[in-house]
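Enquirer:
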Amino acid sequence: MHMTGCLFVLKPIMLTLMANDIFNVTKSSVPRLPFRVEYGEKFNQYIYPIALHSYIAVFAHTFATIAVDGLYYSLIQHACAMFSIIGNTLENIGKNNEDIFYTKRAKIQDNNYSKTIHCLRRHPLVIEFAEHIESLFTKIFLINLNLNMIIGSLTGIQVLMNLDKSARDIAGPITMYIAQFLHLFLHFWQAQFLLDYSILPYKSICRANWYYASHRCRKLLLLIMNRTTSPCKITAGKIVILSIESFATILYLLIGSITLDDVFECVPPIFISITFSSKLLFIMLNSDKVKACLNKIQKDWQSLNSVEKVILERHSKYGQHLATFYAVLMHTTASLFVVKPIMLTLMTDDIINITKSSIPFESRLPFRVEYGRKFNQYIYPIAVHSYVAVVAHSFATVVADALYYTLIQHACGMFSIIGNVLENIGKNDTDEFDTKSDKIKDDNYYKTLHCLRRHLGVIEFAEHIESVYTKIFLINLNFNMIIGSLYGIQVLYLLIGSTTLDDVFECAPSIFISMIFSFKILVIMLNSEKLKTCLNIIQKDWLSLNTNVEKIILERHTKYGQYLETFYAVFMHTTACLFMLKPIVLTLTANDVFNLTKSSITYASRLPFHVEYGEKFNQYIYPIAVHNYVTVVAHSFATIAVDGLYYSLIQHACGMFSIIGNTLENIGKNNEENFDAKLIKVKDDNYSKTLHCLRRHIIAIEFAEHIESLFTKIFLITLNLNMISSSITGIQVLMNLDKGANDITGPITIYVAQLIHLFLLFWQGQFLLDYSVLPYESICRANWYYTSQRCRKLLLLMMYKTAIPCRITAGKLMILSIDNFAMVVKTSLSYLTVFRSMQ
Numbered sequence: 033m034h035m036t037g038c039l040f041v042l043k044p045i046m047l048t049l050m051a052n053d054i055f056n057v058t059k060s061s062v063p064r065l066p067f068r069v070e071y072g073e074k075f076n077q078y079i080y081p082i083a084l085h086s087y088i089a090v091f092a093h094t095f096a097t098i099a100v101d102g103l104y105y106s107l108i109q110h111a112c113a114m115f116s117i118i119g120n121t122l123e124n125i126g127k128n129n130e131d132i133f134y135t136k137r138a139k140i141q142d143n144n145y146s147k148t149i150h151c152l153r154r155h156p157l158v159i160e161f162a163e164h165i166e167s168l169f170t171k172i173f174l175i176n177l178n179l180n181m182i183i184g185s186l187t188g189i190q191v192l193m194n195l196d197k198s199a200r201d202i203a204g205p206i207t208m209y210i211a212q213f214l215h216l217f218l219h220f221w222q223a224q225f226l227l228d229y230s231i232l233p234y235k236s237i238c239r240a241n242w243y244y245a246s247h248r249c250r251k252l253l254l255l256i257m258n259r260t261t262s263p264c265k266i267t268a269g270k271i272v273i274l275s276i277e278s279f280a281t282i283l284y285l286l287i288g289s290i291t292l293d294d295v296f297e298c299v300p301p302i303f304i305s306i307t308f309s310s311k312l313l314f315i316m317l318n319s320d321k322v323k324a325c326l327n328k329i330q331k332d333w334q335s336l337n338s339v340e341k342v343i344l345e346r347h348s349k350y351g352q353h354l355a356t357f358y359a360v361l362m363h364t365t366a367s368l369f370v371v372k373p374i375m376l377t378l379m380t381d382d383i384i385n386i387t388k389s390s391i392p393f394e395s396r397l398p399f400r401v402e403y404g405r406k407f408n409q410y411i412y413p414i415a416v417h418s419y420v421a422v423v424a425h426s427f428a429t430v431v432a433d434a435l436y437y438t439l440i441q442h443a444c445g446m447f448s449i450i451g452n453v454l455e456n457i458g459k460n461d462t463d464e465f466d467t468k469s470d471k472i473k474d475d476n477y478y479k480t481l482h483c484l485r486r487h488l489g490v491i492e493f494a495e496h497i498e499s500v501y502t503k504i505f506l507i508n509l510n511f512n513m514i515i516g517s518l519y520g521i522q523v524l525y526l527l528i529g530s531t532t533l534d535d536v537f538e539c540a541p542s543i544f545i546s547m548i549f550s551f552k553i554l555v556i557m558l559n560s561e562k563l564k565t566c567l568n569i570i571q572k573d574w575l576s577l578n579t580n581v582e583k584i585i586l587e588r589h590t591k592y593g594q595y596l597e598t599f600y601a602v603f604m605h606t607t608a609c610l611f612m613l614k615p616i617v618l619t620l621t622a623n624d625v626f627n628l629t630k631s632s633i634t635y636a637s638r639l640p641f642h643v644e645y646g647e648k649f650n651q652y653i654y655p656i657a658v659h660n661y662v663t664v665v666a667h668s669f670a671t672i673a674v675d676g677l678y679y680s681l682i683q684h685a686c687g688m689f690s691i692i693g694n695t696l697e698n699i700g701k702n703n704e705e706n707f708d709a710k711l712i713k714v715k716d717d718n719y720s721k722t723l724h725c726l727r728r729h730i731i732a733i734e735f736a737e738h739i740e741s742l743f744t745k746i747f748l749i750t751l752n753l754n755m756i757s758s759s760i761t762g763i764q765v766l767m768n769l770d771k772g773a774n775d776i777t778g779p780i781t782i783y784v785a786q787l788i789h790l791f792l793l794f795w796q797g798q799f800l801l802d803y804s805v806l807p808y809e810s811i812c813r814a815n816w817y818y819t820s821q822r823c824r825k826l827l828l829l830m831m832y833k834t835a836i837p838c839r840i841t842a843g844k845l846m847i848l849s850i851d852n853f854a855m856v857v858k859t860s861l862s863y864l865t866v867f868r869s870m871q
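33 is the number of the first residue of the sequence shown in my numbering; add one for each residue after it.
Shown next, in the form of structure tokens:
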């Protein structure tokens, strides 16, 4: 901050010193103050006191912000340190008790209990301390964040406006911009520290040997874990949580250079080089952790039996195939990158005498380099050096990433082995089951204990992988995003070089929509067996309804699905009709309706979208038009069929969850007067109802999983193409705002249709999320305390099962919910902004 203040102050001083007449300051035309001020007519007379006042003001503000922000950093780090101390203490709970473990130790002798209760007392104090920090700084950050965003935008515009001017005009804005950027980043970074460290006690308890602690100690650990589920956070006015993720949402990087082509050509190779070099560097710096991982792999292989070896070999082979594919891909890419300039050189007129070639020396290299005046003289050694650098970077990234794939697949293999062993626990003991078996004869106990030890080892192995690669991926992700953006713009520029931007914006949405609708039908046809399974479950569910109440509930959801389908069908057909009517109306309103050849409207404009039929396009305009209109209607019916099916399936699942919830909510309500906790199983109606609900619940979850597997690929393609298509349609609307109604009707119709189409998909996904946790809420509202012990156990089992709600995803990547819909719309609008800036 002091350096920024000095640079800000020194700029006018240096400009004053470089003026022609530095002694007669009144004659100098250079501004001498760090910022503009207004002191009236006597400004020139009192220039030195005013300048002194301005410089003191700059340093006073610098000291003020250093004092406040320095206090903030100190408080945050103290809170993090206290969380670390608590975490360290909790992590060591039970570690020295393996040999002399006793669950019923006296409270005075229970050291683990004493440590845990001390941590429990400390923990609320640290949380209270974090809340004090939040309340102290929340208003500061609200003002700070808002004003910084506005100032940062204005400073960025200043930088862009002065790019073609001298250094003196750009130095000030750049200094301010960098200072604001770092200032904001440090605030968010420290808040992220608090977020991460506040949940450290939870992770420490998970890593601790809690199973060697007493029951009273475990209860305290559970209490601490419940308290740490909600991390401590710093907010800006209780609105925005300060974290690295939220910092990214307000970050706008401005790239300036001599020309935009220079940026697009030079920046990607530089970033790729940094990314690949950093990978190898971090692997070398973390060589001890890599050795620990490799030793763990060796020990794991030695500890396996024949069945477990088959599982781990499968994962290892998968990792080998992935590493081989990646190596071939990277080396092929590097070869193509190297071969391009060689091929250009070989195709020139005079390949022997390279100095006479029409290709400039820079174009003979895989990327731009600067070697000074003797560049032309040493072109061949420089070329060899460049090619070797490309190959070296290719090998570096192959080594680092192949190691990553291998380690990940080994960890996955070990988790699979543990899962396989646990899944088979108790499967051979159905005939001679004994709950009080001796520990020596209890094979299930030994298998479980062995899995527990293995599991801890695999978690530690996974943490080693994370610590080795976390910094690599931080650099990799940031640079890859920038590189990908630059290459994407380059590709788009090349694609639209032969056509106008209007052509691209007009053709792309209809192409994407056609792909989406066709893909929907294709996936449904390929998954016809899953669809039949879903329909069979619906039939069985209707036949299994016992009471009129259950029928009313399911009928209500079914009718709701029917109304939604009807609305969607009417809406889609209306949209299709409007899309088709536009060219028809334009043709009918032309000067000569009967003689189309004399009409002022081009043939292409008489169709709902652009098509290419060769030279005889004009001759067969009517059959082509009919084909286009039929295509629009066919696509409309296709999407109505698929999406209508989706709505029906979702509503049926929600109906079944409602029925289960209604039954569970009424458990124990009629047993208040004659309650018997030890009722015989035959007479226990609550138990029978709960058991029936449990079976139904499993079927409903299975049904929801069938819906998810049936539609997940459809939604992955739909979501991606819809975002791009809606962005292009949106920019089309913006481009045609100053034109007539005929130019804006089509894009607006498509844009609204795409938005509603997406909203309905996400809305139904939210329905399933909400209704799948309904049984949990119903159990909480029920009179479960008037039920038998066996019934309560079933209720607990169902509560555990409903802890994770059923969800619909797009390719297992994004959960369909209203929150994510808002994020998709936001991303779509950001794409629209990028396209708009390219116009």
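Cβ atoms here follow ideal geometry from the backbone N, Cα and C, with glycine treated the same way.
On the criterion of 16 or more Cβ atoms from any shown chain inside 10 Å, does Lys311 qualify as buried, or is it exposed?
Expert: Flag for Lys311 reads buried.
Enquirer: For Ala434, which residues from the same chain have a beta carbon less than 8 Å from its beta carbon, with the 5 sequence-adjacent residues on both sides left out?
Expert: The residues are Ala355, Tyr358 and Ala359.
Enquirer: Among Asp332, Val370 and Leu227, which one has its Cα closest to the Cα of Ile276?
Expert: If we check each option's Cα against that of Ile276, Leu227 comes out closest.
Enquirer: Please work out which residues of its chain come closer than 6 Å, Cβ to Cβ, to Asn476, disregarding the five sequence neighbours upstream and downstream, and give them in chain order.
Expert: Correct list, in chain order: Ile457 and Gly458.
Enquirer: Expressed to the nearest angstrom, what Euclidean distance is found between the alpha-carbon atoms of Lys321 and Leu253?
Expert: Between Lys321 and Leu253, the C-alpha separation is close to 30 Å.
Enquirer: Tell me where the alpha helix (DSSP H) around Asn718 begins and ends.
Expert: Note, Asn718: alpha helix (DSSP H), Asp717 to Met767.
Enquirer: Report the three-state DSSP secondary structure of Thr834 (helix, strand or coil).
Expert: In the structure shown, Thr834 sits in coil (DSSP, three-state: anything other than H, G, I, E or B).
Enquirer: Quick check: the Cα distance between Val856 and Phe794, rounded to an integer number of angstroms?
Expert: Val856 and Phe794: Cα-Cα distance of roughly 10 Å.
Enquirer: Give a yes or no on whether the C-beta atoms belonging to Ile237 and Leu152 are separated by under 8 Å.
Expert: No, the pair does not count as a contact, with Cβ atoms beyond the cut-off.
Enquirer: Under 8 Å by Cβ, that's how I've got Ala785 and Ile672 pegged, so tell me the actual separation to the nearest angstrom.
Expert: The Cβ separation is near 12 Å, so there is no contact.
Enquirer: Who are Met846's beta bridge partners in DSSP?
Expert: Ala842.
Enquirer: Quick check on DSSP: helix, strand or coil for Ala268?
Expert: In this structure, Ala268 counts as strand in the three-state DSSP scheme.
Enquirer: What does the alpha-carbon distance come out to for the pair Ile210 and Met35?
Expert: The alpha-carbon atoms of Ile210 and Met35 are separated by roughly 12 Å.
Enquirer: Would you report the Cα separation of Cys38 and Lys171, rounded to the nearest angstrom?
Expert: Whole-angstrom Cα-Cα distance: 29 Å.
Enquirer: Pop quiz: Phe611 and Gly778 are said to be a contact at Cβ under 8 Å. What is the actual Cβ separation, rounded to whole angstroms?
Expert: About 7 Å separates the two Cβ atoms, so the contact holds.
Enquirer: Who are the near neighbours of Ala89 in its chain, counting only those whose CB is closer than 8 Å to its CB and skipping five residues on each side?
Expert: The answer is none, since no qualifying residue turns up.
Enquirer: With DSSP run on the structure shown, which of helix, strand or coil describes Thr58?
Expert: The pLDDT assigned to Thr58 is 49, lower than 50, so where the model puts this residue is not dependable; a value taken from the coordinates is nonetheless given after this. Of the three classes helix, strand and coil, the one that applies to Thr58 here is coil, per DSSP.
Enquirer: Sort His496, Ile739, Tyr783 and Val420 by Cα distance to Pro541 and report the nearest one.
Expert: Checked all of His496, Ile739, Tyr783 and Val420; the closest Cα to Pro541 is Tyr783.
Enquirer: Please name the residue, chosen from Thr148, Leu800 and Leu620, that lies closest to Asn124 on a Cα-to-Cα basis.
Expert: Looking at the Cα atoms, Thr148 is the closest of the given residues.
Enquirer: Using only alpha-carbon positions, find the residue among Lys473, Tyr501, Ile449 and Phe505 that is nearest to Val490.
Expert: Residue Ile449 is the option with its Cα nearest to Val490.
Enquirer: Could you compute how far the alpha carbon of Lys721 sits from the alpha carbon of Lys833?
Expert: Taking the straight line from one Cα to the other gives about 17 Å.
Enquirer: How long is the line joining the alpha carbons of Leu845 and Leu216, rounded to whole angstroms?
Expert: Approximately 30 Å, taken between the alpha carbons.
Enquirer: If you follow the alpha helix (DSSP H) that Ile414 is part of, which residue opens it and which one closes it?
Expert: Where Ile414 is concerned, the enclosing alpha helix (DSSP H) stretches over Ile411 to Glu455.
Enquirer: Under 8 Å, do Ser668 and Ala608 count as touching if we go by C-beta distance?
Expert: Yes, the Cβ-Cβ distance between Ser668 and Ala608 is below 8 Å.
Enquirer: Quick check on the burial criterion: 16 or more other C-beta atoms within 10 angstroms. Buried or exposed for Asn258?
Expert: Exposed, since its Cβ has fewer than 16 Cβ neighbours within 10 Å.
Enquirer: Does the Cβ-Cβ distance between Pro807 and Gly693 come in under 8 Å?
Expert: In this structure, Gly693 lies closer than 8 Å to Pro807 by Cβ.
Enquirer: Identify whether Ile491 lies in helix, strand or coil by the three-state DSSP scheme.
Expert: DSSP places Ile491 in helix when its eight states are reduced to three.
Enquirer: State the start and end residues of the unbroken alpha helix (DSSP H) segment that holds Gly119.
Expert: It spans Ile79 to Glu123 - the alpha helix (DSSP H) in which Gly119 sits, taken as one unbroken run.
Enquirer: For the ligand ZN, is there any heavy atom lying closer than 7 Å to the beta carbon of Leu586?
Expert: Absence of the ligand ZN from the depicted structure is noted, as is the absence of any ligand whatsoever, leaving it without description.
Enquirer: So, are the CB atoms of Ile763 and Leu800 less than 8 Å apart?
Expert: Against a cut-off of 8 Å, the Cβ pair of Leu800 and Ile763 comes out as no contact.
Enquirer: Please report the distance separating the alpha-carbon of Ile745 from that of Thr364.
Expert: In the sequence as displayed, the identity of residue 745 is Lys instead of Ile. Going by the C-alpha atoms only, they are around 30 Å apart.
Enquirer: Is the CB-CB distance between Val430 and Lys552 below 8 Å?
Expert: Contact: no.
Enquirer: Roughly how many angstroms separate the alpha carbons of Tyr803 and Cys686, rounded to a whole number?
Expert: Near 6 Å, if we compare the C-alpha coordinates of Cys686 and Tyr803.
Enquirer: Is the beta carbon of Ser849 less than 8 Å from the beta carbon of Gln798?
Expert: In this structure, Gln798 lies closer than 8 Å to Ser849 by Cβ.
Enquirer: Whose C-alpha, out of Asn144, Phe169 and Gln109, is nearest the C-alpha of Val158?
Expert: Of Asn144, Phe169 and Gln109, the residue nearest in Cα terms is Gln109.
Enquirer: Just reading off the alpha helix (DSSP H) that Tyr234 is part of, what are its end residues?
Expert: Its alpha helix (DSSP H) spans residues Leu232 to Arg239.
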